[in-house]
Amino acid sequence: MSEKPVVLHIRPERAMDGVQSLSSESEVGLSVTAVTSRDAALETLSSTDPDYLVCEHRPDDGLDGLAALDAIVDVRPDLPALLCTAEPDGRVAAEATRRGVAEYVPRSETDPGERLRALAADGGVTARSSIDAIEATTESLRELTRLAADDSRTDAETIEGVLRLGADRLGLSLGYLGRIEDDTYEIEHVVGDHALVEAGASSPLSATYCEHTAQTETLLPIHDAAAEGWADHPSYRVGGIACYLGGKVSVSGETYGTVCFADEEPRATSFTDAERAFVELLVQWVSDELERRHREADLERYEDIIEAVDDGVYALDDEGDFVFVNEAMTALTGYDAESLLGAHTGHIKAPEVVEKAEGIVREMIFEDRDDEATFDLSIRRADDESFPAEDHMTVLWDDDGRFEGTAGVIRDITDRKERELELREANRRIEQILGRIGAAFFAVDDDWNLTYWNAQAEAVLGRDAEAVMGENLWEMFPDATDSAFFEAYREAMDSQEPVVFEEYYPPAERWFRVNAYPSTDGLSVYFHDITDQKERDRKLSGLLETTRSLMHAHTDADVAETVIEAAESRLGFDLNLVRLYDGETGTLYPVASTDGVPDRPVYDADESFAGEAFQRGETVRIDDFDRVGNYDDRDANAAMCVPIGGYGVLSVATTESDVFDDADVSVAEILASNAAAALSRVEREEDLRRYEAVVENVRDMVYVIDEDGAFQLVTEPLAEWLGFDREAMLGERPDEFLDRDDAATFERHIREMQAEGGEPSRRIETSLATADGAERPAEVEVSLIDHDRFRGTVGVVRDRSELEQAREDLRDERDRFSYLFNNLPDAVAETESGDDGSVVRSVNPAFTDVFGVDHATALDERLGEFVRPPTEAQGEEYSRFTDADGSETVRTAEIRRRTADGFRDFLFRGIPYRRDDGRVWGFCIYTDITDQRERERRLEVLNRVLRHNLRNDLTVVLGLADELAARLDDESHLSLLDRLQRKTADVASLSDRARAIERSIRREDADSAPVPIVDAVASLVDTYERTHGVAIETTLPETDARAADGRFTRVVEELLNNGVEHAGADPGLSLEVAATEREVSVTVADEGPGIPPHELDVLTGDEPITQLSHGSGLGLWLVVWLTESYGGTVTFGGTDETGTVVTLTLPRTDS
């Protein structure tokens, strides 16, 4: 190879100022081949191996430099290229940068020849920088792994740690994550100091480099904004950002923003491939992390609705005895509250833990230490098992400043301890994998003859020192003359500057890291065999890609398949199997495997090497199955079983023996650790999705308001009830649905709930505004999401419309009852029945008037104190309303009681009712029937006197008339006497008939049970026809309708008698029965003259009963009185021509 770098120069056919100068080789120490087209350049590349490419971009002169670059990159992607334009052009600079050119050169500002010479002169530095970059990348990857696994950091601290890691890796002063919203760019997180780049700052997107970054899927690198055509861009002109490297962040397929690294000082060189690859990894990591957080935030909202897991809370007195524990504390320790309260704290702590806690308390009391302390300890459960915990302890003081005990919060940190242990173990393994090995060394003189060759060189290169001393290096290793070794050593000798590089040497099939130090008389070379390190780096890079894939897994099977694919493609293991643990059956069952693995059985959790690894939680390594007895080794000769946390086992096997080294084991363990974390995340997401499903499918009206006071969740039933679109409510504040006073009420209740000792939830009655402006009454049960710190509230809304209507109806009913109670003319007392009689609870005004006692005096006194009988012997009639069996029965009686106006007669009605609490109350109603009783007694006396005296006197008259008839002979006198006798007999019989009717209408003398009407009528007709010798035509339906009582046949018989009496010898009697669902009717008809109208008017009430109009007989009055007593009606029909028709309509008692 020529000592001068070879340059391929693509320029227009027409030479221009500045372009021709590149061909002057003597000026720049270059060997230049100039062509004028893309095709000519490709043809030249087929026969020439240039070191650099210079491409002019002159579209106006027919040369599209960008298109030429695209063609050449396809052939020589590793060829360093410079793209030149006459003047700075930002668009072309961006396009050139995306194509990976070494530099973009505006000829008006920079001579490309000078830039080439600088690049050639910096070759050594570039090689050394490459080595440094690889080491820096490796260290940065370690740090990224630590950041990703550090659960102690907040989300903001983790993001800012990643930004600082990237900024340090690139040697830039700024790192920031920005959010793109429409045309605005807002910075969310930033590390480094800059007047305009700070968290919360926003600017138009067009004023940032990020506008260009967001338009592409690749990074946007700018190492020198002024030199690359960005001098007029606002980011440089206003913000002073001279160096920039940024990538687009996407979340759920949508552009979220950008991750950027920048500096106010330009870089001397472009960003290397390693730097770009690392930043791409950071950008992807941030994208995945933000997407994961957004998903977890969405799911955790539903978890907050369904349950909040509290830590254990306790309080100790000054002797260290428990005085308070919450339910979470009992759940953590396994003791019930009764077992802990009063017990010493040593009941759940070892003596050394108690001593440690007491020492901290003494320091708080007697030394200058804060009143709060957090420390780790071990808690002993009721089953004698212990678990690691964190105790956040606070000293309690009384009002006088005296120590009265401690309070604390116990948190189970088993998972955190396990993660810390896993992280430490992973870091140890990474350090072991990346550990350095010893260096080989040789030296040559200025003629390239070997002058030294150490033992490590012998071992690495396979040549004995005595055999090679004095030999020419290039003659001994001729294959190296066409490699980077030759070029780097030559450059070191020419420049007298050290070089550092890494290169693969095909004859040895090894990678080497080389440090060459020149001197005037020769070259000293240190080289390390880094083949294993390269392989480990490749595997670790694969693990990072696998970790990213695991973050997107949603099922156990997805995780297992990803692990198998990684073990085979990334780590080079060809026989791989993942078994997962089934807690119900206690087995390890195969889930996923590579194609070469045959069907494997299901193992018990402690069976075989896989079970041993799972039980011990440690890797089991079998280097040769020939040395293991009683084992199935048909498919492999060596294997290792790596536990995947508590989730299963990764088994890796090979057909060779003794092939697994410590690095293989470490890489497999890192893969298993990542798989365990992914399975834990899958398990967590499944739980959260169940919470989500519960909340989304529940038909209750539920909402969640975040700490900023905006709706974070609204269930569909609530949105429908208010008439709003569910999505439209999200992000809105409750003020939209509450008036100002109600909103203030809610805020007050929430503050009180937040206060120490506040209730976990409250119910608030209010009204909510619907979409159409109406007010809907509601009851809202409000609960805090988290009592430790305010994270918002959860509310359950219940419709109070029916409740409000019921309350309104109840108020109306109460008003009506109060009006009736107070205005009822009868005396009423409301009483409570007890062992001591009836106690008055309320009386109406009529009661106070009748019995002469005011309302206040009567309350809570026994009723018998004011309602007294004529004699003490009679006692209190109905002091209790319940029968012996406890049933309530309405009591009625006619009683006589002392009143303010003397003794009065009353119809007493006792109406009991049982209250919700089981007590028996009742109403005592006193209806004054004194006047009625007196009228009845007078009528009874008059009836008996008149009936007895009249009968006796008429008997005397009839006797005298018979005596007179025996003495008279004059026919006219005898005729008058005969008329006198008949009338006297009629009057006498009328008295007898009245007595008979009275007996027939007395209820107590008849069967009071309802009778089957058809059977009763048929029996009466049969008897009547035989005794009276008349025929009666009947129409009787087939029905068992029941009504009236045993006196009803007397009513029908009166109607038949009336027909026989007034219709002559052939009365033409007929009787018809008809029935409906509610009534039964009996119609009796005859062919007589009919009932006179004046008689009917008196019977129907159309005419009053007077001395002149009172009816001539008692039979029809019997019919009317009895029928009406049954709740029925009597209808009279017919005429003088058609006869008499009487219809009795009675209510059925069997319907």
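Position one of the sequence shown corresponds to residue 1 (UniProt numbering), numbered consecutively onward. Idealized CB from N, CA, C, for every residue including glycine. Just so we're clear, the structure is a prediction, and the values are computed from it rather than from any experiment.
Sequence-distant residues of its chain with Cβ nearer than 8 Å to residue i (five each side left out)
i: I564; result: N576, L577, V578, A592, S593, T594
i: L170; result: L245, F261, F271, E275, V279
i: T882; result: Interpretation of T882 is limited by its pLDDT of 40, a score under 50 that renders its predicted location unreliable; no figure is taken from the coordinates.
i: A771; result: L722, G723, F724
i: L1108; result: Interpretation of L1108 is limited by its pLDDT of 39, a score under 50 that renders its predicted location unreliable; the figure taken from the coordinates is listed afterwards. Around L1108: no qualifying Cβ.
i: L147; result: R153, T158, G161, V162, L165
i: A1018; result: T1034, L1036
Residue environment, residue i, which counts as buried when at least 16 other CB atoms sit within 10 Å
i: S838; result: buried
i: Y878; result: In this prediction, Y878 has a pLDDT of 47, which is less than 50 and means its spatial position is unreliable; nothing more can be read from the coordinates.
i: residue 1181; result: The chain is shown only over 1 to 1151; residue 1181 falls outside these bounds and no answer can be derived.
i: Q712; result: buried
i: N1057; result: exposed
i: E491; result: buried
i: W397; result: exposed
i: D494; result: exposed
i: T585; result: exposed
i: Q496; result: exposed
i: L718; result: buried
i: L1144; result: buried
i: A242; result: buried
Residue from the options whose Cα sits closest to the Cα of residue i
i: T44; options: L219, T33, L671; result: T33
i: A678; options: C84, T562, A480; result: T562
i: P60; options: Y819, R11, T48; result: According to the sequence provided, residue 60 is Asp. The question's Pro does not apply to it. It is R11.
i: T414; options: L332, A961, E355; result: L332
i: D735; options: A755, E716, D901, I705; result: I705
i: D1066; options: S1019, V1142, I1032, P80; result: I1032
i: D376; options: A357, T394, D288; result: A357
i: E109; options: T85, S680, T1049; result: T85
i: T1123; options: R1047, E1061, P825; result: R1047
i: E1053; options: D1022, E1038, P1037; result: D1022
i: A207; options: E217, T216, L196; result: L196
i: L53; options: L79, D74, A67; result: L79
i: E327; options: G320, D318, A337; result: A337
Start and end residues, alpha helix (DSSP H) containing residue i
i: M640; result: Here M640 belongs to no alpha helix (DSSP H); instead the beta strand (DSSP E) covers 638 to 644.
i: P717; result: 716 to 722
i: G1059; result: 1048 to 1063
i: I360; result: 351 to 366
i: M476; result: 473 to 476
i: L332; result: 327 to 333
i: I159; result: 155 to 170
i: N822; result: 801 to 823
i: E254; result: Run containing E254: none in the alpha helix (DSSP H); it sits in the beta strand (DSSP E), 254 to 263.
Residue range of the unbroken beta strand (DSSP E) whose run includes residue i
i: A40; result: Element bounds for A40: not the beta strand (DSSP E) but the alpha helix (DSSP H), 38 to 47.
i: G246; result: 243 to 251
i: N515; result: 510 to 519
i: H528; result: 522 to 529
i: F903; result: 902 to 914
i: E198; result: Counting along the chain, E198 falls outside any beta strand (DSSP E), and DSSP gives it neither H nor E.
i: I750; result: No beta strand (DSSP E) holds I750; the alpha helix (DSSP H) holding it covers 740 to 754.
Residues sharing a beta bridge with residue i, DSSP
i: T218; result: For T218, which the question treats as bridged, DSSP gives no partner whatsoever.
i: T1131; result: T1143
i: S1151; result: In DSSP, S1151 forms no bridge with anything.
i: S31; result: V6
i: G408; result: Y314, M393
i: residue 1154; result: The shown model of the chain, from 1 to 1151, leaves out residue 1154, and the question about it has no answer.
Beta-carbon contacts of residue i that lie in its chain and below 7 Å, excluding the five residues immediately before and after
i: S1151; result: E1077, R1078
i: A199; result: I187, E188, H189, V190
i: T255; result: I180, A214, K248
Close-in-space but distant-in-sequence residues of the same chain around residue i (CB under 6 Å, 5 per side omitted)
i: S767; result: E775, P777
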